[in-house]
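Read top to bottom, the protein sequences are chains A and B. If you read the first sequence in full-length UniProt numbering, its first letter stands for residue 1, the second for the next number, and so on. If you read the second sequence in full-length UniProt numbering, its first letter stands for residue 1, the second for the next number, and so on. Beta carbons: idealized from backbone N, C-alpha and C, even for Gly. This one's a predicted model, so the numbers in the text were calculated from it and none came from an experiment.
There are 2 protein chains.
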Amino acid sequence: MSAEAIPSERQQAVLDAVLELLVEKGDALTMTAVARRASCSKETLYKWFGDRDGLLSETVRWQASQVRAGNFDAQHLDSSALRDSLRDFAANWLSVISSRTSLALNRVAIGGAGSPPNTLGAIVLANGRFAIGERLKPVLEAGRAVGLLHFDDTEETFRTLFGLVARDVQVRLLLGEAIELKPDEILADAQRAVTQFFALYGARENPAKPGH
Amino acid sequence: MSAEAIPSERQQAVLDAVLELLVEKGDALTMTAVARRASCSKETLYKWFGDRDGLLSETVRWQASQVRAGNFDAQHLDSSALRDSLRDFAANWLSVISSRTSLALNRVAIGGAGSPPNTLGAIVLANGRFAIGERLKPVLEAGRAVGLLHFDDTEETFRTLFGLVARDVQVRLLLGEAIELKPDEILADAQRAVTQFFALYGARENPAKPGH
DNA sequence: ATTCAACCGTACCGTACGTTACGGTTCGGC
DNA sequence: GCCGAACCGTAACGTACGGTACGGTTGAAT
Numbered sequence: 001m002s003a004e005a006i007p008s009e010r011q012q013a014v015l016d017a018v019l020e021l022l023v024e025k026g027d028a029l030t031m032t033a034v035a036r037r038a039s040c041s042k043e044t045l046y047k048w049f050g051d052r053d054g055l056l057s058e059t060v061r062w063q064a065s066q067v068r069a070g071n072f073d074a075q076h077l078d079s080s081a082l083r084d085s086l087r088d089f090a091a092n093w094l095s096v097i098s099s100r101t102s103l104a105l106n107r108v109a110i111g112g113a114g115s116p117p118n119t120l121g122a123i124v125l126a127n128g129r130f131a132i133g134e135r136l137k138p139v140l141e142a143g144r145a146v147g148l149l150h151f152d153d154t155e156e157t158f159r160t161l162f163g164l165v166a167r168d169v170q171v172r173l174l175l176g177e178a179i180e181l182k183p184d185e186i187l188a189d190a191q192r193a194v195t196q197f198f199a200l201y202g203a204r205e206n207p208a209k210p211g212h
Numbered sequence: 001m002s003a004e005a006i007p008s009e010r011q012q013a014v015l016d017a018v019l020e021l022l023v024e025k026g027d028a029l030t031m032t033a034v035a036r037r038a039s040c041s042k043e044t045l046y047k048w049f050g051d052r053d054g055l056l057s058e059t060v061r062w063q064a065s066q067v068r069a070g071n072f073d074a075q076h077l078d079s080s081a082l083r084d085s086l087r088d089f090a091a092n093w094l095s096v097i098s099s100r101t102s103l104a105l106n107r108v109a110i111g112g113a114g115s116p117p118n119t120l121g122a123i124v125l126a127n128g129r130f131a132i133g134e135r136l137k138p139v140l141e142a143g144r145a146v147g148l149l150h151f152d153d154t155e156e157t158f159r160t161l162f163g164l165v166a167r168d169v170q171v172r173l174l175l176g177e178a179i180e181l182k183p184d185e186i187l188a189d190a191q192r193a194v195t196q197f198f199a200l201y202g203a204r205e206n207p208a209k210p211g212h
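Below, the structure written as structure tokens:
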């Protein structure tokens, strides 16, 4: 597979097997185990993906292609619509970073990010943090255009929103703490983050009252 | 070494060698390389630290014992003193999580956090995220006691401050992005985080004007 | 001077994994 | 029905590493 090609159905099945094993075994994933789980030969793995790193890279892209959340349209943008969009984004982001597959992929990417070439880390960043940023910035700027938000630097503003949403959750999960996020907790957390975000960047009329 | 003992000077030299190699080689650290770098025998390594995991655990504790920042006293607590304390905390925390040694240790801990027993991840969390929380909470509560801060849940409040300080920096660094944080940038970032924090939790007189 | 414990350097063992090679099988095209 | 490509299952190779064993050396206590 070249870096741009879409994996065939058979190849997708292999990549799903990789995801399964990554969740189960963590970085102790072996090519033999992948071949056995996917009922394919190791020779095929190497023909399709080049080497172990290529297989993992393709797995990252495959998983990323599955979590693209719905787009946010900038139509009928009043305050509550913007708040809803941001809340949905935050909730989606929280459930992604706390999903077992995302955690497993981030772990192997981080574990291998020590010494170059650091292919996995770059791919994860491009498909995770930066992809979400590019999808959200138009929403923030649309909110600013209609006077609902006040800020200068879109990138900086997004980073603050990112911090308010993720807080210490991602690092704690990556380090193995067993945090269970139920759907309603995720929604409440997302709501809190958005409320705080509007307290910082929202239009000044109707000052928010954060704190609990 | 038992889990509680203080390493001897010779042992500290070994642990420093581990830190060096961890920064250089990442998770590809081998016992042979440690022995060679530290000019000691592998037999001694195993006698002192039990096994590879024990060596890494002791290294985490050793590094953590070196980054304890100065305590914050709650005397003469006016608004600017509290802001300074929080800013110093934030700046210290940013420089710690962006240091090469901390990054290397977090990477190996995260890489091994996939499958139990996850000793390293727990140790890193206890000495990092949770230790900093326990040291900062008294400051927040002292600020609340004198009416400078308004909040209900100390833990929740700290987590928000954590998010405002770290934002996406830690994850991006862990994934291998080459972000250089100069001291003045760290200080400016810390200042921004504290300003935003006071906008959310500060006393209502003198409303802050965040955004840049 | 002797003893003894700690330690260094190195050789060694078992194992596990990435990668390659090969024989057998399936299946679409002719 | 035949051919060739793609693929499966497995065996094999080379290497690298964690962990152990052992002889030699130092240095302090007696």
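_Under the three-state DSSP convention, the category residue 175 of chain B falls into_ = coil
*Quick one: what's residue 149 of chain B bridged to in DSSP?*
B:202
*Positions along the region 158-171 of chain B whose CB lies within less than 7 Å of some CB in chain A*: 159, 160, 162, 163, 164, 166, 167, 168, 170, 171
*7 Å Cβ cut-off: residues of chain A touching residue 115 of chain B*: 25, 26, 28
*Along chain A, in chain order, which residues have C-beta atoms closer than 9 Å to that of residue 107 of chain B?*
110, 111, 112, 113, 114
*Within the same chain, show all residues whose beta-carbon is closer than 6 Å to that of residue 42 of chain A, passing over the 5 residues directly before and after it, in chain order.*
31, 35
*Going by alpha carbons, who is nearest to residue 135 of chain A out of A:99, A:89, A:102?*
A:89
_Contact set between residue 92 of chain B and chain A, taken where Cβ atoms lie within less than 9 Å_ = Simply none; closest approach about 16 Å.
*The alpha helix (DSSP H) spanning residue 27 of chain B covers which residue range?*
Where residue 27 of chain B is concerned, there is no enclosing alpha helix (DSSP H), given that its DSSP letter is neither H nor E.
*residue 39 of chain B to residue 127 of chain B, Cα distance in whole Å?*
29 Å
*Can you tell me where the alpha helix (DSSP H) with residue 6 of chain B in it begins and where it stops?*
Note, residue 6 of chain B: premise wrong, no alpha helix (DSSP H); not H, not E.
*In this structure, does DSSP put residue 212 of chain B in helix, strand or coil?*
Low confidence applies here, because residue 212 of chain B scores a pLDDT of 43, under 50, leaving its location unreliable; read the following figure in that light. Looking at residue 212 of chain B - three-state DSSP - the assignment turns out to be coil, as it is neither helix nor strand.
_Selection from A:191, A:107, A:199 that minimises the alpha carbon distance to residue 93 of chain A_ = A:191
*Locate the alpha helix (DSSP H) running through residue 90 of chain A, then write down its first and last residues.*
79-97
*Distance, Cα to Cα, residue 152 of chain A vs residue 197 of chain A?*
15 Å
_Nearest-angstrom Cα separation, counted from residue 45 of chain B out to residue 52 of chain B_ = 9 Å
*Can at least three beta-carbon pairs, one atom from the region 110-123 of chain A and one from the region 139-154 of chain A, be found at a separation below 8 Å?*
no
_Burial state of residue 57 of chain A, where buried means 16 or more other Cβ atoms lie within 10 Å_ = buried
*Which whole-angstrom value describes the C-beta separation of residue 139 of chain A and residue 85 of chain A, a residue pair presumed to lie in contact below a C-beta threshold of 8 Å?*
6 Å
*Mind checking residue 170 of chain A: buried by the 16 CB within 10 Å criterion, or exposed?*
buried
*Beta-carbon contacts of residue 155 of chain A that lie in its chain and below 8 Å, excluding the five residues immediately before and after*: 133, 137
*Count the other C-beta atoms from every protein chain shown that fall within 10 angstroms of the C-beta of residue 17 of chain A, then say buried if there are 16 or more, exposed otherwise.*
buried
_Looking at the secondary structure, which residues open and close the alpha helix (DSSP H) in which residue 47 of chain B lies?_
42-49
*Hey, does residue 37 of chain B have any beta-carbon neighbour from chain A nearer than 8 Å?*
no
*asked:* Strictly under 8 Å for the Cβ-Cβ distance: is residue 60 of chain A near chain B by that measure?
replied: no
*Between the Cα of residue 98 of chain B and those of B:11, B:168, B:114, spot the shortest distance and give me the residue it belongs to.*
B:168
_Coil, strand or helix - residue 127 of chain B by DSSP_ = helix
*Are residue 22 of chain A and residue 96 of chain A close, meaning C-beta to C-beta below 8 Å?*
no
*Using the C-alpha atoms, what's the distance from residue 76 of chain A back to residue 176 of chain A?*
42 Å
*Have a look at B:117, B:10, B:186, B:61 and flag the residue whose alpha-carbon is nearest the alpha-carbon of residue 178 of chain A.*
B:117
_For residue 14 of chain B, tell me which candidate among B:66, B:49, B:91 has the shortest Cα-Cα distance._
B:49
*What does a CB cutoff of less than 7 Å around residue 19 of chain A pick up in its chain, not counting 5 residues either side in sequence?*
59, 63, 101
*Would you mind sorting residue 189 of chain B into buried or exposed? The rule is 16 or more other CB atoms within 10 Å of its CB.*
buried
*asked:* So residue 177 of chain A contacts chain B; which residues on that side make the cut at Cβ distance below 7 Å?
replied: 125
_For residue 184 of chain A, count the other beta carbons within 10 Å of its own beta carbon; 16 or more makes it buried, fewer makes it exposed. Which is it?_
exposed
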